[in-house]
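Below you'll find the structure, written out as structure tokens, and then a few comments.
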Amino acid sequence: MVVKLASIFFTMILVDNYVLAKFLGICPFLGVSKKLDSAVGMSLAVTFVMVLASAVTWPIHTMILAPNGLEYLQTIVFILIIAILVQLLENVLKKFVPTLYRALGVYLPLITTNCTILGVTILNLDEGYNFIESIVCAAGAGIGFLVAMVLFSGVRRRVEEATPPKCFEGLPITLVSAAMVSLSFMGFGGIVESIFG
Amino acid sequence: MNPILSAVLVVTVIGVIGAIVLVAASVVMHVPVDERVEQINAVLAGVNCGACGYAGCSDYARAVVEGGAPVDKCTPGGSACAAAVAAIMGVEAGETGCVKAVVACSGDCEHTPKRFEYQGLSRCAAVKGLYGGDGACTHGCLGYGDCAAVCPFGAIAVERGIARVDRSKCVGCGLCVGACPNDVIRLVPEHRRKPVVLCSSKDKGADTRKVCSAGCIGCMKCTKVCAKDAIVMDGSLAVIDQTRCVGCQLCLKECPVGIIRIPGVD
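Protein chains in written order, with my numbering: chain A, 2 to 198; chain B, 2 to 267.
Structure follows, in structure tokens:
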């Protein structure tokens, strides 16, 4: 059990990294990775909401949607739930943890429409994970997002200082470097299976 | 049950429950926001420059209302802004001194040579990383314009190898101060009579002299001539205390290297 959970967790971080291997959540990946502290803030907010969203959507899917043969409503229901969840979370944080609320700042409402969150909740069910596994998977995906953001913000700083050809300036060169980071993560393929067998 | 009906029902029920929860949450967890925060936010300059020392204009507005921060911290907004904020808070504004950036270095290409030919990233920070810079003096303006790049008002230009601040455009936000790797840019109260020592080298006079003909040599003539004791020595560098200086300009005439000057007056 523990081995399987660890395997899921590390697979999500290194091999099936949502940003670098599945190419979900590219918008915050490119938009918020300019500075390290905002990258970390965004990633923590994403991790937080991801775990929460998985914990809520899994029971709703298995208890309400699946028994009634309504799996096809997954997408729309999950979007609805995530939006509600983020709003609720914002209220709760504002009231009880104002420091965290200020730290997460604008990133929290941005997450409402982040495709990684929806991706994690839906892919969890596609993989047939149980409740615990879904949550571990979501946490792994969040940490994976954090790793990708932190690494890329470092790359980004170097890219900003460089002087590429005029036509590559700005987003094009950023996308090229993102592709290289993604390519380097391909090197992790199979490593987790070998370790946890 | 009809599949269409059940689908509509499920989504509606989830939506309604969510709506009820959110409405309840917003009532239960209502955080009262002082309306003065919004008002102050509206009168601030709104450039989010961070000169006030807070994360942005709205952060400063909150600090004024909740933390009792001074009302005159918005440098781009100037006195008018401070007066408006003071009116909202119901306090006296007081006179706000206007500060402007000064590049404390006189080592242009006529006065100080280069140690080596630098080819690479045209950034002060990058040049600084290579043996402390390509200039003979490692304390002066590097002249690659990091400050000019960061200035949101286009007030800085590099002329003859050193940065120069256009005082009519400078609002004193201080972004250039943070951008300079050699810390040669200072914020100095805007005053048409008070001079500034335009050098940042604390090296011994002889060492400074070897690398730059327009550097402070620490002769202390200015400290002796000053009647108000406004000039103190920081190592071998004379520093004028702007609060004590009365603008008599005796030091200006006394300086043998002619680097005590009034900013903006050539």
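We put the beta carbon where it would ideally sit given N, CA and C, even for glycine.
Notebook entry, point to check: Taking C-beta to C-beta, are B:C213 and B:A137 nearer than 9 angstroms?
Noted result: The sequence position of residue 213 of chain B within the second sequence is 212, counting from 1. The sequence position of residue 137 of chain B within the second sequence is 136, counting from 1. Pairing B:C213 with B:A137 gives a Cβ-Cβ distance under 9 angstroms.
Note to self: For A:F268 and A:V177, which I take to be in contact (beta-carbon distance under 8 angstroms), what is that distance rounded to the nearest angstrom?
What the structure shows: Only positions 2 to 198 of chain A appear in the structure, and residue 268 of chain A is not among them; the question remains open.
Notebook entry, point to check: Between the stretch 94–114 of chain A and the stretch 34–46 of chain A, are three or more C-beta pairs nearer than 8 angstroms?
Noted result: Touching, per the Cβ criterion.
Check: Between which two residues does the beta strand (DSSP E) harbouring A:P29 extend?
Finding: Position 28 of the first sequence holds residue 29 of chain A. A:P29 -> not in any beta strand (DSSP E); alpha helix (DSSP H) instead, spanning I27 to G32.
Note to self: Distance cutoff 9 angstroms, beta carbons only. Does B:A8 sit that close to anything in chain A?
What the structure shows: As a position in the second sequence, residue 8 of chain B is number 7, starting the count at 1. By the rule that beta-carbons nearer than 9 angstroms mark a contact, B:A8 touches chain A.
Next item on the list: Return helix, strand or coil for B:A46, following the three-state DSSP convention.
Entry: Here residue 46 of chain B corresponds to residue number 45 of the second sequence, with the count starting at 1. Assigned with DSSP and collapsed to three states, B:A46 falls in coil, not helix or strand.
Margin query: Per the DSSP calculation, B:R262 is bridged to which residue(s)?
Written below: Here residue 262 of chain B is taken as the residue at index 261 of the second sequence, counted from 1. Per the DSSP secondary-structure output, B:R262 pairs in a beta bridge with B:V197.
Check: Going by alpha carbons, who is nearest to B:P196 out of B:G141, B:A239 and B:L6?
Finding: Reading the second sequence from its first residue, position 195 is the one you call residue 196 of chain B. Considering only alpha carbons, the answer is B:A239.
Notebook entry, point to check: So, is the C-beta of A:V50 closer than 9 angstroms to a C-beta in chain B?
Noted result: Here residue 50 of chain A refers to the residue found at position 49 of the first sequence. A:V50 does not count as touching chain B.
Item checked: Interface residues of the stretch 18–43 of chain B facing chain A [CB-CB below 9 angstroms] -> Correct list: I18, G19, A20, V22, L23, A26, S27, V29, M30, H31 and V32.
Item checked: Same chain, Cβ closer than 6 angstroms to A:M2, five either side skipped, listed in chain order -> Indexing the first sequence from 1 puts residue 2 of chain A at position 1. Nothing listed; no residue qualifies.
Next item on the list: Please check the pair B:C82 and B:L176, which I expect to be a contact at CB under 8 angstroms, by giving their CB distance rounded to whole angstroms.
Entry: Your numbering for residue 82 of chain B matches position 81 in the second sequence. Your numbering for residue 176 of chain B matches position 175 in the second sequence. The C-beta separation of B:C82 from B:L176 comes to about 18 angstroms, leaving the pair out of contact by the 8 angstroms criterion.
Check: Is it buried or exposed for B:R161, if we count other Cβ within 10 angstroms and need 16 for buried?
Finding: Taking the second sequence and counting its residues from 1, one reaches residue 161 of chain B at position 160. With fewer than 16 Cβ atoms within 10 Å of its Cβ, B:R161 is classed as exposed.
Next item on the list: Within the same chain, show all residues whose beta-carbon is closer than 6 angstroms to that of A:L147, passing over the 5 residues directly before and after it, in chain order.
Entry: In the first sequence, residue 147 of chain A corresponds to position 146, counting from 1. Once the five neighbours on either side are set aside, the close Cβ partners of A:L147 are S44.
Notebook entry, point to check: If we ignore side chains and look at the alpha-carbon of each, how far apart do B:Y132 and B:C142 end up?
Noted result: In the second sequence, the residue the question calls residue 132 of chain B occupies position 131. In the second sequence, the residue the question calls residue 142 of chain B occupies position 141. Going by the C-alpha atoms only, they are around 15 angstroms apart.
Next item on the list: Give the interface partners of A:E162 over in chain B, defined as CB-CB distance under 9 angstroms, in chain order.
Entry: Against the first sequence, residue 162 of chain A aligns to sequence position 161. Going along chain B in sequence order, the residues near A:E162 (Cβ under 9 angstroms) are L122, R124, A126 and A127.
Check: By Cβ distance below 8 angstroms, which residues in the same chain neighbour A:S34 in space, the five residues on each side in sequence not counted?
Finding: What you label residue 34 of chain A is simply residue 33 of the first sequence in a count that begins at 1. Closer than 8 angstroms at Cβ, skipping near neighbours: A40, M150, F153, S154 and R157.
Check: With a CB to CB cut of under 7 angstroms and the five nearest residues on each side skipped, what residues in its chain are close to B:C42?
Finding: Here residue 42 of chain B corresponds to residue number 41 of the second sequence, with the count starting at 1. Residue identity differs from the one stated: residue 42 of chain B is Asn in this sequence, not Cys. Result list for B:N42: C58, S59 and A62, in chain order.
Next item on the list: Tell me whether B:K205 sits in a helix, a strand or coil according to DSSP, three-state version.
Entry: Your numbering for residue 205 of chain B matches position 204 in the second sequence. Coil, per DSSP.
Next item on the list: Would you identify the three-state DSSP class for B:P257, choosing helix, strand or coil?
Entry: As a position in the second sequence, residue 257 of chain B is number 256, starting the count at 1. B:P257 sits in coil when the DSSP states are folded into three classes, being neither helix nor strand.
Note to self: Nearest by alpha-carbon distance to B:C106: which of B:V92, B:R116, B:C181 and B:I89 is it?
What the structure shows: Here the question's residue 106 of chain B lines up with position 105 in the second sequence. The candidate whose alpha carbon is nearest that of B:C106 is B:C181.
Check: Exposed or buried, B:E96, counting other C-beta atoms within 10 Å across all chains shown (16 or more means buried)?
Finding: For this step, residue 96 of chain B is matched to residue 95 along the second sequence. Low per-residue confidence applies at B:E96: pLDDT is 49, beneath 50, and the placement is therefore not dependable enough to give any value.
Item checked: Buried versus exposed call for B:Q120 [16 or more other C-beta atoms within 10 Å across all chains shown] -> Along the second sequence, one-based indexing puts residue 120 of chain B at 119. B:Q120 is classed as exposed because its beta carbon has fewer than 16 other beta carbons within 10 Å across all chains shown.
Notebook entry, point to check: How about B:V172 and B:G79: are their beta carbons less than 9 angstroms apart?
Noted result: Translated into the one-based positions of the second sequence, residue 172 of chain B becomes position 171. Translated into the one-based positions of the second sequence, residue 79 of chain B becomes position 78. Yes. Within cutoff.
Item checked: Candidates B:R194, B:G265, B:C174 and B:E39, of which the one nearest B:F154 by Cα -> Here residue 154 of chain B refers to the residue found at position 153 of the second sequence. Selected option, being the one with the closest Cα: B:C174.
Checklist line | Top-ranked residue by Cα proximity to A:T76, from A:I61, A:F169, A:L89 and A:L90 | finding: Locating residue 76 of chain A in the first sequence gives position 75, counting from the first residue. Comparing Cα-Cα distances from A:T76 to each of A:I61, A:F169, A:L89 and A:L90, the minimum goes to A:I61.
Check: Taking only runs of the beta strand (DSSP E) that begin and end inside the stretch 50–98 of chain A, which ones reach a length of at least 3 residues, in chain order?
Finding: Runs of the beta strand (DSSP E) inside the stretch 50–98 of chain A: none found.
Next item on the list: Would you mind stating whether B:V100 and B:L188 have Cβ atoms separated by less than 9 angstroms?
Entry: On the second sequence, position 99 is the one that residue 100 of chain B refers to. On the second sequence, position 187 is the one that residue 188 of chain B refers to. Cβ distance < 9 angstroms, so B:V100 and B:L188 count as in contact.
Next item on the list: Buried or exposed for B:I5, please, with buried defined as at least 16 other CB atoms from any protein chain shown within 10 angstroms of its CB.
Entry: As a first step, residue 5 of chain B must be located in the second sequence, where it is residue number 4. B:I5 is exposed by the Cβ-count criterion.
Next item on the list: Please report the residue range of the beta strand (DSSP E) in which B:M234 lies.
Entry: As a first step, residue 234 of chain B is located in the second sequence; it is residue number 233 there, counting from the start. Bounds of the beta strand (DSSP E) holding B:M234 are I232 to D235.
Item checked: Residue-level contact to chain A via CB, B:E96, 9 angstroms cutoff -> As a first step, residue 96 of chain B must be located in the second sequence, where it is residue number 95. Because B:E96 carries a pLDDT of 49, less than 50, the predicted location of this residue cannot be relied on, and the following value inherits that uncertainty. For B:E96, not one C-beta of chain A is nearer than 9 angstroms to its own C-beta.
Notebook entry, point to check: By DSSP, does B:K229 sit in helix, in strand, or in coil?
Noted result: For the purposes of this step, residue 229 of chain B is taken as the residue at position 228 of the second sequence. DSSP, read as helix, strand or coil, puts B:K229 in coil.
Next item on the list: Quick one: residues in its chain with C-beta nearer than 8 angstroms to the C-beta of A:E72, no 5 flanking neighbours on either side, listed in chain order?
Entry: Taking the first residue of the first sequence as position 1, residue 72 of chain A is located at position 71. H62 and L66.
Notebook entry, point to check: Closer than 9 angstroms, CB to CB, is A:G42 near chain B or not?
Noted result: The residue you call residue 42 of chain A lines up with position 41 of the first sequence. Not a single C-beta of chain B is nearer than 9 angstroms to the C-beta of A:G42.
Checklist line | Cβ of A:L66 within 9 angstroms of any chain B Cβ | finding: Taking the first sequence and counting its residues from 1, one reaches residue 66 of chain A at position 65. A:L66 counts as touching chain B.
Note to self: Which residues of the stretch 73–93 of chain A have a Cβ closer than 9 angstroms to any Cβ of chain B? Give them in chain order.
What the structure shows: Under the 9 angstroms Cβ criterion, the stretch 73–93 of chain A contributes Y73, L74, I77, V78, L81, I82, A84, I85, L86, Q88, L89, N92 and V93.
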